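Residue numbers (the working numbering): 1 to 985.
The beta-carbon is built from N, C-alpha and C at its ideal position, and this holds for glycine as well.
Quick caveat: nothing in here was measured; it's all calculated off a predicted structure.
Notes to accompany the following structure.
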């Protein structure tokens, strides 16, 4: 990776746009970034980091801290960086979030963070991404390094040289984990430990399940059987198998008892059934005797009913003739009454009593025909009156419509002017939509930041409490381990005394006599106890580190969110968002009203044209309505004169017609009544003669005797049924009585006794039910025990199989997590990082040997740390003058700088190799050379000079005057009297 060009505007101490041309230093290979303290030397490196990652090494806060305090509200803040990776040249342009004046109106608005990425293709810049998230995704693939790796590989930032060298094992592990991405190994180990817990839990659950099955089986065993001890598993399982065999024997015994009970119950039930049938037959015989006596006592009344039935049947043949005689007689009398009424009506109307009725009807019919024609004219007159009313209404409606249309024609121009004014006002409001959308988006971002701040504040409180608890737990675990170690030392004499053998020398003093050996404590501290306490300390410290990291991350998150929210509380942010949304909604509503107003204007223009045509049409309709009223009035007058002549002395033609119809109907009724009277008298005479003849043939004295014998059909049927029923019942009772006498032949006359037989049957049934229940219980117990035996065997077989798997998984999980039997207490991740650290140390020693004139070299240490601390990532310094290893903290300031620089360069080489072997053509080193003496500085400069090999460019930030003399290529940062800094190259 090579940097080409950096542009800074409104960034850090730089107000105006500043340009750094890194290609200008390519020939020199190494250049010095110099300037007074606070001028902005490190800000150049901040600009590089911000352009690539949107953040800087020195700050953990939000982006807007990077905006220059010297920038005016209208000045932009922007960083542009051109660089090459492989054969591709890129340009990234990035701006942080900052406040600027609104484009419309007063006040400030928030300019959101922006990022753009371009690729140089055929001498032209082609856009590849235009959003911060998209830019970050592409750069992540292109660079292959995260921000922390970039700081360790390219930007060796101020005050961070020695952090890696002097860090504790756990701090060094955290940094290496970030650089090499080895957290997955910790995840592997954690997943395996989760599997260990799962298998142990499953093993426990299966053991509990097997024990529950065994206990359930023991509850089914007979109380008289003595059970084995609860810890003798084999005996308990054997006792269950024996109980299952005994249960099957009990089932066979119960089946035999059930069969015997069935036989006894069957015999008793048969005897009871026979006795109940005999008793029932005796009762039926007695009932039949009583019924026969009752039927024989009804013989006289049945004979009388039989005679009455015969006369009724004979009279039934004359029923039709008798009824016809009665009907014709009644009809003759009715016809005579009707004829008298018709004559009386004819004479009361003043008609001629001797008039020819046929001639009168014919004359009245002719007169009605003439009157009907006049009645039609009278009805037409009524229709004309209705039409005339409608015509007058239509004339009035046409006049009203003409007046309304005339008024609307006058109002249309006034409405159009009002709509034009409303359109102008709505257009002015709608023009603020873009500004309103930006305001809403900015307010929404601040509101979301406020919510994140509130959530982060609550989580930070809990995280800090957890961190405090973790600190206390870590301190308590360390104190407990120290107490155990002191007891271990104090109890060492007892352990040595226990190993003494009379006559053999003591391992401490060499004496063969042991008069007063130290007693050994009964609760002595063992190696396992120490290991367990050390593991507790490791876990407590890991939890402390985790809690500290979580609290630190939440504090950073809270700071970022509060900065974005601008320090406003939730209510203010909600109100600001609501105000912005309300303003935007008003603008959008105005935009929507514009469309409605435009449609209304077009509608009014159309309506004006339509109104003119409607006025002309309404005028024509009014003239047509007036003409129709005049024509209808003339026609009515003509028809009214014709109707008046046809009425004569009546109120209307209809009244005259009704009078004519009434006269004709009277004539018709009188003629019809006379004809009907003659026919009815003739029919009555014929019917009387027919009845007399029939009565004589049937043996009746006269027609009245026949009528007296006649009964209704229902009564006749009842007589017939009574006689037949008596005869049938008498025959049936006699036959049944004979049948019962034959059935009871040989049975004593006294009632049959059934009580004792029923008692025996009930006792047999209860015994049978008891046998069935016993068999069911025995069968259920045997089946349940047999099933439990199979399930118990399967359950304990599954426990044995899972126990083996659990042992294997547990041992592997404990080993990968640094627990016993892992004597080094190195986790899997630490083991992998230790291999990486060895390569880093090898690469660092190449330069440290040269810069220290061969005196110092770094060594990786995997020695077991004291007090349960993390092990495997230690670094020691070999001093060739003494031949002893010493801790890095014992080095002087200059020596620490040389060792740190060597380690940083070695780390850069290894990280670069792990990142895919990307070539690093640009390197920056920020401060640290002031702690070296002249000779050591010369050695360090020679090492840096070697870094130029192959076209690499190295930028060094320093105040050392000697370096200004040695490095002619310089980038000078100067602070102007007005405050902002400028870059001179």
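Do residue i and residue j have their C-beta atoms within less than 8 Å of each other?
| i | j | result |
| --- | --- | --- |
| residue 561 | residue 452 | yes |
| residue 192 | residue 816 | yes |
| residue 148 | residue 178 | yes |
| residue 565 | residue 449 | yes |
| residue 162 | residue 900 | yes |
| residue 129 | residue 121 | no |
| residue 285 | residue 737 | yes |
| residue 271 | residue 757 | yes |
| residue 810 | residue 196 | yes |
| residue 980 | residue 15 | yes |
| residue 711 | residue 303 | no |
| residue 97 | residue 110 | yes |
Could you give the residue range of the beta strand (DSSP E) that holds residue i?
| i | result |
| --- | --- |
| residue 926 | 922 to 926 |
| residue 95 | 88 to 95 |
| residue 256 | Element bounds for residue 256: not the beta strand (DSSP E) but the alpha helix (DSSP H), 233 to 296. |
| residue 770 | First-last for residue 770: 755 to 816, but that is the alpha helix (DSSP H), not the beta strand (DSSP E). |
| residue 114 | 114 to 121 |
| residue 77 | No beta strand (DSSP E) holds residue 77; DSSP gives it neither H nor E. |
Using DSSP with H/G/I as helix, E/B as strand and the rest coil, what is residue i?
| i | result |
| --- | --- |
| residue 474 | helix |
| residue 884 | strand |
| residue 871 | coil |
| residue 955 | strand |
| residue 702 | coil |
| residue 18 | strand |
| residue 35 | strand |
| residue 101 | strand |
| residue 979 | coil |
| residue 208 | helix |
| residue 712 | coil |
| residue 666 | helix |
| residue 541 | helix |
| residue 973 | strand |
Could you give the residue range of the alpha helix (DSSP H) that holds residue i?
| i | result |
| --- | --- |
| residue 406 | 357 to 430 |
| residue 960 | First-last for residue 960: undefined, no H or E at that position. |
| residue 588 | 570 to 647 |
| residue 128 | Taken as a continuous stretch (DSSP letters only), residue 128 belongs to no alpha helix (DSSP H), being part of the beta strand (DSSP E) at 124 to 129. |
At the level of alpha carbons, what is the spacing between residue i and residue j?
| i | j | result |
| --- | --- | --- |
| residue 956 | residue 908 | 16 Å |
| residue 673 | residue 654 | 29 Å |
| residue 680 | residue 660 | 31 Å |
| residue 230 | residue 273 | 58 Å |
| residue 844 | residue 935 | 20 Å |
| residue 805 | residue 205 | 15 Å |
| residue 858 | residue 557 | 38 Å |
| residue 61 | residue 32 | For residue 61, the predicted structure reports a pLDDT of 48, less than 50, and the residue's modelled location is therefore unreliable. A value from the coordinates is still provided. Looking at the two C-alpha atoms, the distance is approximately 29 Å. |
| residue 688 | residue 649 | 55 Å |
| residue 367 | residue 360 | 11 Å |
| residue 814 | residue 822 | 7 Å |
| residue 214 | residue 228 | 12 Å |
| residue 666 | residue 306 | 58 Å |
| residue 433 | residue 143 | 41 Å |
| residue 727 | residue 704 | 33 Å |
| residue 940 | residue 851 | 5 Å |
| residue 126 | residue 862 | 51 Å |
| residue 64 | residue 924 | Caution applies to residue 64, whose pLDDT of 48 falls short of 50 and renders its modelled position unreliable; the model cannot decide the point. |
| residue 945 | residue 22 | 17 Å |
I'd like to know whether the C-beta of residue i is nearer than 8 Å to at least one C-beta of chain D.
| i | result |
| --- | --- |
| residue 851 | Chain labels in this structure do not include chain D; a single protein chain is all it has. |
For the segment 36 to 54 against the segment 65 to 85, do three or more pairs of beta-carbon atoms, one drawn from each stretch, fall closer than 8 Å, so that the two count as touching? yes
Would you call the segment 396 to 414 in contact with the segment 601 to 615, where contact means no fewer than 3 C-beta pairs closer than 8 Å? At 8 Å Cβ cutoff, the stretches touch.
Take every Cβ of the segment 367 to 384, pair it with every Cβ of the segment 621 to 629, and state whether three or more of those distances are shorter than 8 Å. no
Three-pair Cβ contact test at 8 Å for the segment 571 to 591 versus the segment 412 to 424: Taking 8 Å as the limit for Cβ pairs, the verdict is that the segment 412 to 424 does not touch the segment 571 to 591.
Is the segment 568 to 575 touching the segment 440 to 448, taking contact as three or more C-beta pairs under 8 Å? yes
May I ask you to verify whether the segment 693 to 713 touches the segment 294 to 306, counting CB pairs closer than 8 Å and requiring at least 3? no
Counting pairs of beta carbons, one from the segment 765 to 785 and one from the segment 321 to 328, are three or more of them closer than 8 Å? no
The segment 26 to 44 contacting the segment 966 to 974, beta-carbon criterion three pairs below 8 Å: yes
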